[in-house]
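Novice: Input: one structure, supplied below.
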Amino acid sequence: QVHLVESGGGLVQPGGSLRVSCVASDSGNIFSARTMGWYRQAPGKQRELVAFITVGGRTTCVVAVKGRFTISRDNAKNTLYLQMNSLKPGDTAVYYCNAVDVPLPTWGQGTPVPVSS
Numbered sequence: 010q011v012h013l014v015e016s017g018g019g020l021v022q023p024g025g026s027l028r029v030s031c032v033a034s035d036s037g038n039i040f041s042a043r044t045m046g047w048y049r050q051a052p053g054k055q056r057e058l059v060a061f062i063t064v065g066g067r068t069t070c071v072v073a074v075k076g077r078f079t080i081s082r083d084n085a086k087n088t089l090y091l092q093m094n095s096l097k098p099g100d101t102a103v104y105y106c107n108a109v110d111v112p113l114p115t116w117g118q119g120t121p122v123p124v125s126s
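Position one of the sequence shown corresponds to residue 10 (the working numbering), numbered consecutively onward.
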């Protein structure tokens, strides 16, 4: 079973930057064979996908974060990254990683990113 552990979140001021990471404990090499994504869940809202990256490195971001967020992966380290720049209060959420086509059944604990002055 693959376990996902997110880290790197924390309080950041509007306009600031932050990089969050996700490590997959993956003895079966599932991570390196899947399109992986970053999701977020804001208070009182449903979890939403904000960016994803294919095995080959092709990336897609939703309109709300395009030009500000960059997703990347290191398959050798089973690690997924999300670089977030020009953060806005509306980006406040708990950030999670998971596969995109068929999400793994067990989600990590997420990493909270409050954006506030």
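Where is the CB? At the ideal position from N, CA and C, for every residue including glycine.
Predicted model only: the values in this text are computed from it and were never measured.
Based on Cα-Cα distance, which residue from LEU89, CYS106 and VAL74 lies nearest to SER81?
Specialist: Of the candidates LEU89, CYS106 and VAL74, the one whose C-alpha sits nearest the C-alpha of SER81 is LEU89.
Novice: Is ALA60 helix, strand or coil when you go by DSSP?
Specialist: Residue state, collapsed to three classes: strand.
Novice: Please name the residue, chosen from PHE40, SER26, CYS31 and LEU91, that lies closest to SER16 on a Cα-to-Cα basis.
Specialist: Per the Cα distances, CYS31.
Novice: Within 10 angstroms of the Cβ of ALA42, are there 16 or more other Cβ atoms? Answer buried if so, exposed if not.
Specialist: With fewer than 16 Cβ atoms within 10 Å of its Cβ, ALA42 is classed as exposed.
Novice: Rank VAL124, LEU113, PRO123 and VAL122 by C-alpha distance to the C-alpha of GLY2 and give the top, closest one.
Specialist: Nothing can be reported for residue 2, as the shown portion of the chain is limited to 10 through 126.
Novice: Quick one: grab the DSSP three-state call for ALA136.
Specialist: The structure shown does not extend to residue 136, since the chain is modelled only from 10 through 126, so no value can be given for it.
Novice: Does the beta-carbon distance from VAL11 to GLY18 come in below 8 Å?
Specialist: Contact flag unset, no.
Novice: Looking at VAL59: is its Cβ nearer than 8 Å to the Cβ of TYR48?
Specialist: Contact: yes.
Novice: Just to check my reading of the structure: PHE61 and VAL109 have Cβ atoms closer than 8 Å, yes? What is that Cβ distance to the nearest angstrom?
Specialist: Contact holds; Cβ gap of about 5 Å.
Novice: Give the DSSP bridge partners of ALA102, in chain order.
Specialist: Bridge partners of ALA102: VAL122.
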